[in-house]
Amino acid sequence: MDPILRLAVSMHSGKGIYAMLLGSGVSHSAAVPTGWEIVLDLIRKLAHLKGESCDPDAEAWYRALVGAEPDYSNILDQLTPSSADRSLLLRAYFEPTEEDREQGRKMPSGAHRAIAALVAKGYIRVIITTNFDRLIEQALTEAGVQPTVISTAHAVHGALPLTHSPCTVVKIHGDYLDSRLRNTRPELSAYEKPLDDILDRIFDEFGLLVCGWSGEWDVALRAAVERCATDRFGTY
């Protein structure tokens, strides 16, 4: 049987048994940059402030400058003097301008709205996303769903249990309005225990639909998927 048909039958017969894992591909199609694209653009801004060119290899230029791998937090500290300035700088990457709105950029896409429709109908109750933006939350709100959002390890403790929330969105790498984003290689190599615990529970108790995620850079998230000993409903 076609895997998509098998998935459709499984989802229809068991509402809420699948969780979704959304990667940058879902938001990149809405003209939102990936986390690494933001890092590279910040390096270019830093080079411009120093009156230098970092082309053709921004990562190599930064490594030669500081003697270390690009660090998201350190770059932001050099570019902005306060958390408020950091917030304003990051907003430009995620919040649409009037021109963006006219052209449909940085707005919930058809994919976001299709996922929100599945949630509104009860087919999906848990979403894990590596994206910093709020497009999936916006799409859910448009569909009449108010999700529980977890974007930090601390928030895990205060969130409703997965079974009691109509939808839980786990922003495993953070939210763009919070400067505690996970973006660099060291930050993506390991998570705090509360985040690992909730991932272990999700991957153990739910089937998994993966969309727009390559797994190439997200070492800790990939490890969480791989260490799951059960495969109750399959992975698509």
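Residue numbers (our numbering): 30 to 265.
Quick reminder that beta carbons are idealized off the backbone N, C-alpha and C, glycines included.
Remember, predicted model here, so these are calculated numbers, not experimental data.
Legend entry - Span of the beta strand (DSSP E), counted from its first residue to its last, around V178: T177 to I179
Legend entry - P190 Cβ short of 7 angstroms to the ligand HEM heavy atom set: As for the ligand HEM, it is missing from this structure, which has no ligand bound.
Legend entry - Backbone secondary structure at I104 - three-state DSSP: helix
Legend entry - Cβ shell of L147 (< 6 angstroms), same chain only, five flanking positions each side left out: I153
Legend entry - Residues sharing a beta bridge with L238, DSSP: M49
Legend entry - Beta-bridge partners of I157, as assigned by DSSP: L50 and V199
Legend entry - From L71, D225 and R261, residue whose alpha carbon lies closest to that of Y122: L71
Legend entry - Cβ contact (3+ pairs, closer than 8 angstroms) linking the stretch 217 to 228 and the stretch 30 to 46: no
Legend entry - Alpha-carbon spacing of L51 relative to G43, whole angstroms: 21 angstroms
Inset, instruction - Keeping to the same chain, check which residues put their C-beta closer than 6 angstroms to that of L189; ignore five residues upstream and five downstream. - result: T177
Legend entry - Classification of L105 by the beta-carbon crowding that lies within 10 angstroms, buried from 16 upward: buried
Legend entry - Limits of the unbroken alpha helix (DSSP H) element including P32: P32 to S42
Legend entry - Bridge partner(s) assigned by DSSP for T264: L237
Legend entry - Rounded separation between D229 and A182 - CA only: 14 angstroms
Legend entry - Whole-angstrom C-beta distance between Y265 and V239, which should lie under 8 angstroms: 7 angstroms
Inset, instruction - Inspect the beta-carbon positions of L119 and A145 and report whether they are closer than 8 angstroms. - result: no
Legend entry - Opening and closing residue of the alpha helix (DSSP H) in which A253 lies: V248 to E255
Inset, instruction - Compute the Euclidean distance between the alpha carbons of A184 and I156, then round it to the nearest angstrom. - result: 15 angstroms
Inset, instruction - May I ask you to verify whether the stretch 85 to 102 touches the stretch 158 to 175, counting CB pairs closer than 8 angstroms and requiring at least 3? - result: no
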